[in-house]
Structure formats: C-alpha cells, structure tokens
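One structure is given below, encoded as structure tokens.
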Amino acid sequence: MKKFYLMLLLVVGMVVLAACSSGDEETSEGGGSEGSSSVDTITAWAWDPAFNIAALENAKEAYNGDGEYEVEVIENAQDDIIQKLNTGLSSGTTNGMPNIVLIEDYRAQSFLQAYPDAFHPLTDVINSDDFAEYKIATTSFEGEQYGLPFDSGVAALYVRTDYLEEAGYTVEDVTNITWDEYIEIGKDVKEATGKNMLTLDPNDLAQVRMMIQTNGSWYVDEDGSTPNLAGNESLEKAFETYKEMMDADIAKIVSDWSQFVGAFNSGDVASVPTGNWITPSVKQAADQSGNWAVVPMPRLDMEGAVNSSNLGGSSWYVLNVDGKEQAADFMLNTFGSNPDLYQTLVEDIGALGTYSPAAEGDAYAVEDEFFGGQQLLTDLSTWTDEIPAVNYGLHTYAIEDILVTGMQDYLNGAELTTVLENVQGQAEAQLK
Amino acid sequence: MKMKKKAFLVLRNNSLFVKMFLIMVLSIVAVSLLITFSSIRMSSNLFMETFSISNTKALEQIEIQFEDYSFAVVSAMNQVQNNGTIKRVLTQTDATTIETFRSYHDISEQIERIYPTVESYDANMIVLGNNERLYNVNYSNWPVSWEVLRNHPITEYTINRPNTLLYQYLPSTSFTDEPMIVATKALMERSTGEIYGVLYFPIREAQLKQFYEGYTSMETEVLLVDETGRIVSSNKEEMIGDEAIDVMALAKEVEDEELEFKDVHVFGKDYMLMSQYLPTYNMYLVNLVDKNAVLDNLVNTKEILLISLGIVLLAVIVVFIISRRMTNSISRLVKQISAMAKHDFNMPVAETGGYEAKKIANAFNSMLSELQEYVDLVVQAQQKQRSAELMALQHQINPHFIYNTLASIKFMIQQGKKENATDMIHALISLLQNALSNVDQTITVEQEIKDLKNYVLINQSRYGEGIKVNFFISPDCLDCQLPKLILQPFIENAFFHAFNEKKEGFVQILVSQKGENLLCEIADNGDGMEMKGDYTKEDIKEKRHLFSGIGIRNVHERIQMLYGEEYGVEITSNKGEGTKVKVELPLQKTDTLVKPNKITSFQE
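Protein chains in written order, with the numbering used here: chain A, 21 to 452; chain B, 33 to 636.
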C-alpha cells in the first residue's frame, strides 16, 4: 500500500513538473512604456546621441529640483520626430507623444502655429531674459514663451591662419569684416596658396540665411508668414554677394556633409563660415592644431548690419500632455536655471548653450590650443548675444526650396529683381 | 466460482510477474503520456510565442506603412492649410466669370502641386469650399457633387472637430461600389476661427489593404477596427463594415495592458489576438491568428499520439517478454522447491532460465546434494550404532540364566540324577559355545536347531515336561544359513509367557523353504494374547530372565537390518488359541553364501 502511495506521489509530481514547464510565460512583459499618461515617468525625444541626447543625460544627472519621476530619453531621427509630431498632433491624439521634444528653431513656428494647444507655455516657468535674445523670438508665439532655448547656433568664421599669412594677411585683417572684404581676401588667398576660400552647396542656402540675418532680415515678414523676398534689400545684397563669390572663383562646390567636412579637414579651403557646432569637426584634423582661428562672421556691407549671425540651433518644448508639470519642472531645474549644467555641457560634449549666466563660468574661459590659445567659448558667447533677432516664421524651408531654383536662375544670368519677384509670386501662391 | 478460484491461483502463482509487469506498464504509459502531452504543449507554446513575436514585428511594419500614409496626408494637409491661393479661392465670393476662371486655374495649379504627396498611395484629394466650390483631383475615386458632399455626415462630423484630422469610414453603398476610408480636415482661418472649407483624402479600402496584405495568410487575418467597433478594412472582404465591438474591446484590452497577445474566442473560432493602436487614425489594427489552423500545420497531434501509442505497445510487449522470462524461471524454481517435500528432498531442480535463476537453482541443488550426503552419513552412523548395540546384546548371556541353570544342575546332582545333570551340562556347554563364539554371524539351521534343542532341554529340565516342543525341519533347509539365536527368543517367550494359564501344551517349530525364502515358524497353543498393534512395540514385554540380550523386538530389527525390508517377523495371536510367529529370511545355503548387505561390512 505504501508503495502505491509512493507511486501516486511520483506520478502526481511528474504531472506537476510537466505543468510547471509551461507555466512561466507572460510573466516578464511590458516594461518600458512609451506612453506619457503615467506621471511617474516623463519621456523626452531628441536625435543626436553625441549631442542633444548626451545633453539630456547630463541634465538628468544635474537635476536639482525635488520632483520624483523618471526621465526616459528616446532617440529618434529628426525627420521621424517631425513626422511623428505632425501625424500625432494633427489627429489630436496624445497617445505616444513625448513630454519633452527638441525642435529645430527654423521649424518651431510652424509647429507652434499649426498646433496652438499642443504645447505647454513656459512663460511663467523660465526667465526669458536669461537667454540670448535672438532665441526668444523663434521660440515664442503670440506673446507666450513655449520653447526653452538650448544650443546656440551662433555663426563664426573659422580661418586658416597659415594660409592667410601666406597671402599676407593677419587674423586682425579678417576680424569684423564685410562679405565684400572677405571676397577680396579670398582672391588673394587663392592667388597665394591656390586654395579656395570656402565651400558652397548649391542646394543649401545656409550662407544666404546667415548673411541676411546679420542685417536682421529674413525670408518672411515680422508676422512670420508673409513672404518677404521681392524688394528685400538684404536678400538682394546676399544674392549679389553669393554671385560674386562664384564669379571670383573662390568657392569649392560640394553636395553633402561629408564633402563639406572633408574639404576643410584636408586643408582644401582657407575658411569655414558656419555655425559654432562645427568646432569638433574642425578639431578632427589634429595636425592642423594652432593653424586655426575663429573670428566674427562677416557682415553684409549695409547700414545696420552686425558681425554676428546664426545657423541652426534648437530648443526644448513641453507638450501639453499628462505629466507636463513634471516636464516643465525638469526643464526649469536643468536647462532653465542651472549654470553648472552648462559648464558640464561645454566640457563634456562641447555644446554651447544660450543661457547667459553660464558664460561667466570657468569652463567658458578655457583657452583652446587648437585655435592658438583663443578663449573660443567666451568669444562665441559674446557674439551670441549680438545676433540680431528675427522671426523665422513658418516657411523657412518651404521658401528656401523656391529660392534654390531662383538662385540658379540668377546665377544663370537672370535679372535679380525679376528673379526675386518671381519667387515672391510663387511663395505667395503656395503660402499665406 | 471454480474459474474464479483458478484465476486467483494463477494470479498468486504469477504474482511477481503480475506486479512487475503492472508497475512497468503503468510507468511506461505514464511516462509516455506525460512526455507526449508536455512536448506537444511545449512545442505549441513555443511556436505560438515565436509566432506572436514575428506577428508583432509584422504589425509594427504595418503600423509604419499606415503612419507613412498618415504622414503623407498630414504633409499634404499642412500644405493645403498654409496655401494662400487655396484659401483665397475658397473664400472668394461674388466673383466675376473671369475671376472664377482664374481662381479655378490657380487652385488647380496649387492642388496639383500638392497632390503628388498622396498620389503614390492612390488616394484621392478633394477640396470643398463653402462657396459651392469643389476640387476633386481624381474624379473616378469618389465622384461626388458639392451638394451631396457638403451635406454628407462625414462633413458635418469634420466641421464639428475643426482642429483634428479625422479618418472616417465610408460604406460601399453610399457613392461607389467600393468602401473607402476618408481622411478629413476642416480648413479654418486661425485668427477668426472661420471654417472656409473641408479637405478630404479618400482612399479605397482595397488600396489601404495593400499596407498589410503581404502579412496575411490563410491563418492570419488583419482587421482595422475603428473606435465604434466597426471593421473598416480587412483581408476578408465579407467582414468589412461589420460591427465587431467585442474585437474592439479585446484589442483595447491588449493594448492597454501591453500584452504581447491574448487568446480569444471570436467569430466562433479560437484566435490569438494581437493589436496595435494607431493613434493618428484612432483605430485598432488587429491581427487574428487562427490557432488551430496554425497548430495543425505545426503539430500533427494524431500522428504524435499514434507514434507514442506504438512505442508504448512495443515497450509493453518487450517488457512482457523480458519480465515473463525472468519471472518464469523464478516461479518455476519456486514451484519445484515447494514440491520438494513430495520427492524426499532428493530431486534436484532444473537449472534453466536466466543467469540468476540458473545460479539459484545450481546453488540450491548443490546445497541439496550436500544435505543428502550428510543425511546419509547420519543414517549410516545410526545404523552402525544400532548394529553395534545388537551385536553387543547378542554376545550377552544373561548371568541369571547361567546361574539358574547351574542351580538346576546342582539340584539334579543332589538328587542323584547324574544322567540328567550330565545332559544338562552338555546342553549348556554347547549352548554357551555357540552363543558366545565370535566366529560367525550366521550359523546353519542344523546348528540353530541343535542350540534350540539344548535350550529346550535345559528349560524342560528346570521347569518340567509340561510344555512339549516339536521340531519339524525340512531336510533341505538344514544347511541353510540364518543369524545366530534368531529363533531362541520366541521359544523363550513361549516357555515363559504362553503358558501362564494353561500349564501344559506344546510348541511347534517348523523350518521350511518357501520360494526363495526360508520360513521358520514357532507356534504354540498357549494362552495367546490380544494383538493390539505392532508386535515390535511394547506388546511383548521383555522379561529379565532372557537367555541373551536380544529380545523379540530386536529380532525383527536385526533381520531387516541384515537382509532388507522384505524380510522380518510376523506374529499372529488370538486370546486362548496360542501364538504363531513367522520368521522369514532369505534362503542362503552355506556354499552359496550371499554376502549380506553393506551393513554387515561395518561389523568388524
């Protein structure tokens, strides 16, 4: 009888074992939620792991508020962020939307205008005066501050001091000059060294944008939507300058980013007029250390133009979804009021912020040997404050698409006024 | 009843086999059942899990397709919303013919510039203005008039939600033969809040289906269910437009609880349901996998069951044969051993069967033979002892006899019966001579009779002539051999016990051949006695005045010991009629003296 029970036990045991083997499914599922309905976790979208994603991670470390929530940083390509925001916001859903999103300044206004209720105003959260003035114009809408300015797109002229010297110029000779003077120097440099002065990409009118902003002008009027092309003197001057550079044969034509970087890394060009975010790329060519200097951007030869401009740059936005208070709190206690964070950003990832109090920090005063001991960050911060504020409006890229064709017509010999009237007409038909 | 008993007996005899076999069969069946079921379960679970993973990936791909389309719609929508020309034309009132003509041209130009954004999806684009203006890019895809469209429920619905891009289902009966999904957006002037038009992106359901059709099969179905639970798109055409609120609820549950999948029972079948919420469409993309159909392709349960049944049968047969063989030899052994008593423990068991059984039988047999040897030794020793005892007894002449006889002789001499005394002394001498002589075991009949006669003489001299003794000896027996003093105890018995009541009588002694045997009979007509049983027992009391140590009881024993069991003493007696003693011995002539059996060889 005892044996029988033993056997019974054995059989039961085996059955239980067999049952167990299939019992542990569906236990570890779920996990990372993309939804933002939970206020325990807020999500943030950005696109560059080496730059703005890293900045967010630093911000998480530097957070000095007393909110209790997790911040989840999600990397998405910039185009995906634009697409997801557009599709999500247009259908009025908050499902799958982040709490914090990074938006390029040129695009900010179109989002703010198209989806007015989708963003959470930060007017009462941050102090706008602490940030570079030109940033405020692009990140606010109808009197409300929506964006928290992040990186500075301050433009500068990176020059090869050795090439200049060869042509008989000093760094002073290229400081605070006009574009006309720049072209003259370029001709001499080309003559002396055989090197081109700069690179130009026919499909990217970044140079034109930087030029017109030195004079506080843009593709659209102050209202942000009316195209301001025909009769825009700054634009006319920029077009003329552009053509002059072509005519002077001082520009190397490139068609993409790698050719652009390759040109100055290999020493093919004598200067790079672009945003300060190019610094790490310039420094990649370690053998050129000490042969570079950074000077203010050339200005348009016009009344009121300054030697300061901008290219690119982005800002943080808080979406009007559950958890917006936490997201605003996170923004305030990191990028909004934490000078130490900006020191870390500069030191660790070379990200130059637009938070003015941060410029007084020690990290900004560091002398950069690559640029011959120049206090580069201090200089850039100073120029940042001088950037003329413009409203980038809704249609920067839409208008530029039209302008690219206009530029081709102009370079092919069309009358400038006609060209600009033509593009103005096209823009008005397409945009309002 | 008998059958039952027989069955029980068979069962008991084979209990070892039955137990072993039952346990093994139970184990085999249990193990194979468990293995079969758990492996079927495990493999189907594993398969379903991987299936669900790949289907979830497929769903994600489908979702990307939907989002791409959605993005195209949004881009086109943004362009239309930002388009000054479109706004101008749609808000234009009281225009002259020329102005209207230009407007139509301008707006067509703009719309045709924007349309390619969605054209690759084969979606149509319709712009509806309040001022009876309608621009339908691809007229074949929803040919609708301004009045119908303006008063259409989807237009009403859109105007009530001006800030949202809506995806609405249009059943096939309304306008065309094919059901459509229409993305709609009200065109609103932001500053005033005035709605100046409505934008439509109708796409045929068949076109939408292409987003996911590549991921469907016989077993997997994809449904697009809107928030009201209506199936707006499916790879099963007959389902389109149906209400499936339960599916919607389940999809919502899966999505809300972030499950990988859920086992559900809908449309009368068991499905594995996976779902993906499409936030921009406000619809659920549902993937239904027909579990049974999928598993039928994977696991042929019937085949596996048959195979394991076959294995079980095979194993049971093998187990039957092996355990039968093993237990059989053991049970045979057991049977033989139990029957051992019937054969006086001298029948060896058969050494057959398996190795173990053979060994056991072998050990048992050698034990048995050893035992037998010992038993033989003991028996022999006992017989030797007994024989020695008898021998000793034979050589013992009772001193009383001699004393009494001598006393009698003394009286005779005193009475002056010289003759008689001399005879008696002669008789005594001859008797003693024969009795005590150690030369031979056996003597001739003649000698024995002589001794008996001497003995009778002595007794008659002592006790008188009341008892007559007659000798009838067959002459051919005279030279036959017989053990010494074998008949004397019977005569002595007759003298001393047969005539206690009757004072006179006679004793007859007959010796003759009977076949191969020598038959000696001692018969008296004395008192006789009640034969109670075996004469060898206490029936005949030994008295002290014995001539030699050998009593009647010993005679039988001695004969049997000397010649075997077929010989011996037989006594018949009746009260008052006398006693008759028959002694049967083998016929042994002096010259053809047969060597007595081996026991005699121990005599020296």
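A virtual CB, placed ideally from N, CA and C, is assigned to each residue, including glycine.
- With its beta carbon at least 8 Å from every one in chain B, G188(A) lies outside the interface.
- Close to chain B, meaning a Cβ-Cβ distance shorter than 9 Å, are the following residues of the segment 406-435 of chain A: L414, H415, A418.
- The beta carbon of F391(A) is closer than 7 Å to those of W312, A313, V314 in its chain, skipping five residues each way along the sequence.
- In the DSSP assignment, G167(A) is bridged to Y337(A).
- Secondary structure of K614(B) (DSSP, three-state): strand.
- Taking a beta-carbon distance threshold of 8 Å, N147(A) does not count as an interface residue toward chain B.
- In the three-state reduction of the DSSP assignment, N114(B) falls in the helix class.
- Under DSSP, E253(B) forms a beta bridge with L320(B).
- Contact note: Y309(B) reaches chain A through N115, using a C-beta cutoff of 7 Å and chain order.
- In terms of CA proximity to N115(A), Y313(B) leads the group Y313(B), A218(B), V351(B).
- In terms of Cβ geometry, S291(A) and L218(A) form a close pair [threshold 8 Å].
- Three or more Cβ pairs closer than 8 Å define a contact, and the segment 135-143 of chain A meets that threshold against the segment 164-177 of chain A.
- Per DSSP, the unbroken alpha helix (DSSP H) holding T364(A) starts and ends at 359-369.
- Within chain B, the C-beta atoms nearer than 9 Å to that of T107(A) come from E99, S102, F103, V105, V106, L197, P311, T312, in chain order.
- Residue environment: N216(A) is assigned as buried (16 or more neighbouring CB atoms within 10 Å of its CB, all protein chains considered).
- If the five residues before and after K210(A) are omitted, its C-beta is found closer than 6 Å to the C-beta atoms of I270, all from its own chain and listed in chain order.
- With the rule of 3 Cβ pairs closer than 8 Å, the segment 184-203 of chain A counts as touching the segment 314-327 of chain A.
- The alpha carbon of E242(A) has as its nearest neighbour, out of V191(A), Q129(A), S275(A), the alpha carbon of Q129(A).
- Straight across, the Cα-Cα distance linking E536(B) with F528(B) is about 12 Å.
- Contacts with chain A at 8 Å (Cβ-Cβ) include M109(B).
- Under the Cβ criterion (8 Å, minimum of three pairs), the segment 408-418 of chain A does not count as touching the segment 71-87 of chain B.
- Going by DSSP, S291(A) is part of the beta strand (DSSP E) stretching over 291-295.
- Under the Cβ criterion (8 Å, minimum of three pairs), the segment 600-610 of chain B does not count as touching the segment 497-504 of chain B.
- For the pair S328(A) and I407(A), the CB atoms are nearer than the 8 Å cut-off.
- Around the Cβ of M351(A), a 10 Å sphere holds 16 or more other Cβ atoms; the residue is buried.
- Residue environment: W277(A) is assigned as exposed (fewer than 16 neighbouring CB atoms within 10 Å of its CB, all protein chains considered).
- If you look at N525(B), you'll find it in the alpha helix (DSSP H) that goes 520-525.
- At least 8 Å separates the beta-carbon of A64(A) from that of P136(A).
- In the three-state reduction of the DSSP assignment, R262(B) falls in the strand class.
- Using a CB distance cut-off of 8 Å, L365(A) does not count as an interface residue toward chain B.
- By a beta-carbon distance limit of 8 Å, F377(B) contacts Q404(B). Their separation comes to about 7 Å.
- Along the segment 139-164 of chain B, going in chain order, the ones with a CB nearer than 8 Å to a CB of chain A are E141, Q142, R145.
- C-alpha of T149(B) to C-alpha of V230(B): approximately 18 Å in a straight line.
- G246(B) sits in a helix when the DSSP states are folded into three classes.
- Residue contact check for Q129(A) against chain B: no CB pair falls below 8 Å.
- Per DSSP, the continuous alpha helix (DSSP H) segment holding T437(A) begins and ends at 436-450.
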